[in-house]
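**Q** So the sequences go chain by chain: A and B.
Heads up: the first sequence begins at 89 in this note's numbering, then just goes up one per residue.
Heads up: the second sequence begins at 89 in this note's numbering, then just goes up one per residue.
Protein chains: 2
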Amino acid sequence: MAVDVPQLVAQAREGRPRAVARLISLVEGASPQLREVMAALAPLTGNAYVVGLTGSPGVGKSTSTSALVTAYRRAGKRVGVLAVDPSSPFSGGALLGDRVRMSEHSSDPGVYIRSMATRGHLGGLAWAAPQAIRVLDAAGCDVVLVETVGVGQSEVEIASQADTSVVLLAPGMGDGIQAAKAGILEIGDVYVVNKADRDGADATARELNHMLGLGEARGPEDWRPPIVKTVAARGQGVDEVVEALEKHRAWMEERGVLAARRVARASHEVETIALTALRSRIGDLSGDAHLGALAEGVVAGRLDPYTAADELLASLTGA
Amino acid sequence: MAVDVPQLVAQAREGRPRAVARLISLVEGASPQLREVMAALAPLTGNAYVVGLTGSPGVGKSTSTSALVTAYRRAGKRVGVLAVDPSSPFSGGALLGDRVRMSEHSSDPGVYIRSMATRGHLGGLAWAAPQAIRVLDAAGCDVVLVETVGVGQSEVEIASQADTSVVLLAPGMGDGIQAAKAGILEIGDVYVVNKADRDGADATARELNHMLGLGEARGPEDWRPPIVKTVAARGQGVDEVVEALEKHRAWMEERGVLAARRVARASHEVETIALTALRSRIGDLSGDAHLGALAEGVVAGRLDPYTAADELLASLTGA
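In structure tokens:
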């Protein structure tokens, strides 16, 4: 059933959560109206500051996200949350307010919460998440928090969707620093050692600080990722995290880094969409008479497979 | 350095192993002369009967392959062996005769043996293996044996490159039938229970027979995969395997199945090459001025990413 896209966008701008939810469903489900929605959203985007939060299971990501929502709401900001969890039983069509830890925000009209499963999306999460971020941006969110699990390939890709990436660790988790070694040190703009009231918090922060110092030498102009200790469940240290985020944002803006990051991100997004479209055009050709004829030519030795691929590509570009 | 392709092909046809090896290196290494080689080979292909052999580590694949080589050589056939092993330390440029178990054949001019590592190939093994098979086919091999490990995704893809797929099992390996459950039952045209002098061989064959019977009902015209017991190390049962292979080949030829399989395979191959070419064209555009301008339009909200992807595709098709 065709949706009245301009009306839906207007309702989302007014702050109606069901309209926001409906738009996200349209963009992540590859609806026939996807292009219409994206075209309507484009002029309304570019306001939101996108913050990625990642870390191993158990470091308190949802609690930290919730605490950040509280802090930003106190400052009068509208906040969107995109919770990306590979293990989530919720489908892409998850209801608003489905995250238990987030329930304190579920009745706040200034907060949109969306869960997104990593499976079942056309072209994968790297394709669906940026579109959902665009909806939240266009709906008037000042801040969009993207919460992801772990440091798998797709999570790193999601982190690359953010303006600022926060990496969470917790003391006493052997895998914390191990994960760091595995690549997390390259993606964090801000590091948070959560559960800082537990034994080992100082040691974790020290070790992290040491490892961050081992990287290539930084100039006085370079960003040195700060390490903030929090007890998110009690709200301790959360204002310091917000402060670190704002500092990073200001640093990026002063140097044109924010604009450059966003252009690089958009480049990657456009490439991904183009490649997905091409793959699907080729898929449509399976069983196509032209491909069948080319394949018969290859089997008969009249054509080599490269020449056949050239002819296939020529027929695609005519499409 | 440019190679004299027609001369190399002529030498390969004469049975010179170094020429065969050189041609395989050219096709699997994505040489600039790849297309010239493929075009030269095309009219010479279509003679070889391609047999895939797969199974878990330890079932005796190399020994079975070697025994099959002996049997086919006795019948005066020229034989090519493509050993695809994900754990192989040999690069794509592995020397002829690098397989210890195959050493008895290394001085036989009627046998070509080639190892292929699964890593490091442009577009992966699914891309490189068919090209190597084409070289062996064009060089005059009557039979090409493709030996792969396990039942991973790429191995199943390789199996789909064969005219006839042989699945090897061994008694007393808990994972044998487990692997079967995992999908091996769908790819075997002939099943071999090797090491049949060991305890449990009859039970393995019985269980396998039972499981094969559980599939969809077969008509009298359908192929019922035979189960052959062998002791490949002593050559026992190997003639029966060759007989089963010839029976399957004859069955396919009578019903036009062989031609249909080869067309389906060529279709898939042409699609893979086309997709790889498109991906590389898109990759070439990273940092391209046009993509950069499109991305800036997306960030500024003048363009949505889908429209930008359309424009990117239009510029690709002009290439």
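The beta-carbon is built from N, C-alpha and C at its ideal position, and this holds for glycine as well.
Count the other CB atoms, across all protein chains shown, that sit within 10 Å of the CB of G385/B; report buried if there are 16 or more and exposed otherwise.
**A** Counting Cβ neighbours within 10 Å, G385/B comes out buried, since at least 16 surround it.
**Q** What does the alpha-carbon distance come out to for the pair T153/A and G301/B?
**A** Taking the straight line from one Cα to the other gives about 54 Å.
**Q** Taking one C-beta from the segment 127 to 143 of chain B and one from the segment 396 to 406 of chain A each time, how about it: are there three or more such pairs within less than 8 Å?
**A** Contact between the segment 127 to 143 of chain B and the segment 396 to 406 of chain A is absent, because fewer than three Cβ pairs lie under 8 Å.
**Q** According to DSSP, is T142/A part of a helix, a strand, or is it coil?
**A** If DSSP states are grouped into helix, strand and coil, T142/A belongs with the strands.
**Q** Look at A409/B and V139/B and say whether their C-beta atoms are less than 9 Å apart.
**A** Here chain B comprises residues numbered 89 to 407, so residue 409/B is not present and cannot be evaluated.
**Q** Go through its chain and collect everything with a Cβ distance to G148/B's Cβ below 8 Å, but skip five positions before and after it.
**A** If we look at G148/B and ignore the five residues flanking it on each side, its Cβ neighbours are L256, A258, N282, K283, A320, A321.
**Q** DSSP three-state call for G323/A: helix, strand or coil?
**A** G323/A: coil per DSSP, three-state reduction.
**Q** For E235/A, does the three-state DSSP call read helix, strand or coil?
**A** Here E235/A sits in strand by DSSP.
**Q** I think V231/B touches A136/B, with their Cβ atoms under 8 Å apart; what is that distance to the nearest whole Å?
**A** Yes, V231/B and A136/B are in contact; Cβ-Cβ is about 7 Å, under 8 Å.
**Q** For I370/B, go through chain A and note every residue whose CB falls closer than 9 Å to its CB, in chain order.
**A** Result: E359, A362, L363, L366.
**Q** Mind pulling the chain A residues with CB within less than 9 Å of M126/B?
**A** The answer, in chain order, is D392, P393, Y394, T395.
**Q** Please say whether A100/B and G228/B have beta carbons closer to each other than 9 Å?
**A** In this structure, A100/B lies closer than 9 Å to G228/B by Cβ.
**Q** Kindly indicate which residue of V199/B, R104/B, G117/B has the alpha-carbon position closest to the one of A159/B.
**A** Nearest C-alpha to A159/B: V199/B.
**Q** Just checking: is the beta-carbon of A258/B within a distance shorter than 9 Å of some beta-carbon in chain A?
**A** No, A258/B does not count as interfacial toward chain A.
**Q** Checking contacts by CB at 9 Å: is E384/A closer than that to chain B?
**A** It does; some Cβ of chain B falls within 9 Å.
**Q** For chain B, is any of its Cβ atoms less than 9 Å away from the one on Q324/A?
**A** Chain B, which has no Cβ nearer than 9 Å to the Cβ of Q324/A, makes this no.
**Q** Where do the N-terminal and C-terminal ends of the beta strand (DSSP E) with T153/A fall, by residue?
**A** Segment 149 to 162 is the alpha helix (DSSP H) holding T153/A; no beta strand (DSSP E) there.
**Q** Could you confirm whether any beta carbon from chain A is found closer than 9 Å to the beta carbon of P94/B?
**A** With 9 Å as the cut-off, P94/B does not count as an interface residue toward chain A.
**Q** Below 8 Å CB to CB, which residues in the same chain sit around E291/B once its five sequence neighbours on both sides are set aside?
**A** Per the sequence presented here, residue 291/B reads as Ala, with Glu not at that position. The residues are P259.
**Q** Which residue's Cα is closest to the Cα of D225/A: T236/B, G134/B, P197/B, G389/B?
**A** Of the candidates T236/B, G134/B, P197/B, G389/B, the one whose C-alpha sits nearest the C-alpha of D225/A is G389/B.
**Q** Apply the 10 Å Cβ neighbour rule to G307/B and answer buried if 16 or more other Cβ atoms are within range, or exposed otherwise.
**A** The residue is exposed, with fewer than 16 neighbouring Cβ atoms inside 10 Å.
**Q** Leaving out five residues on either side along the sequence, give the residues of the same chain with a beta carbon under 8 Å from the beta carbon of E309/B.
**A** Excluding residues within five positions, the ones whose Cβ falls inside 8 Å are R343.
**Q** Measure the C-alpha to C-alpha separation of D196/A and R202/A and round it to an integer number of angstroms.
**A** Between D196/A and R202/A, the C-alpha separation is close to 14 Å.
**Q** Using the Cα positions of I112/B and V223/B, report the straight-line distance between them to the nearest angstrom.
**A** Going from the Cα of I112/B to the Cα of V223/B covers about 6 Å.
**Q** Measuring CB to CB, does S368/A end up less than 9 Å from V237/A?
**A** Result no, Cβ atoms of S368/A and V237/A do not sit closer than 9 Å.
**Q** Could you check the C-alpha separation between L273/B and A171/B for me, to the nearest Å?
**A** Taking the straight line from one Cα to the other gives about 22 Å.
**Q** From L156/A to E357/A, what distance separates their C-alpha atoms?
**A** Distance between the alpha carbons of L156/A and E357/A: 27 Å.
**Q** Evaluate G164/A with the Cβ neighbour count: other Cβ atoms within 10 Å of its Cβ, from every protein chain shown; 16 or more gives buried, anything less gives exposed.
**A** Exposed, by the Cβ-count rule.
**Q** Strictly under 9 Å for the Cβ-Cβ distance: is R337/B near chain A by that measure?
**A** Not one chain A Cβ lies under 9 Å of R337/B.
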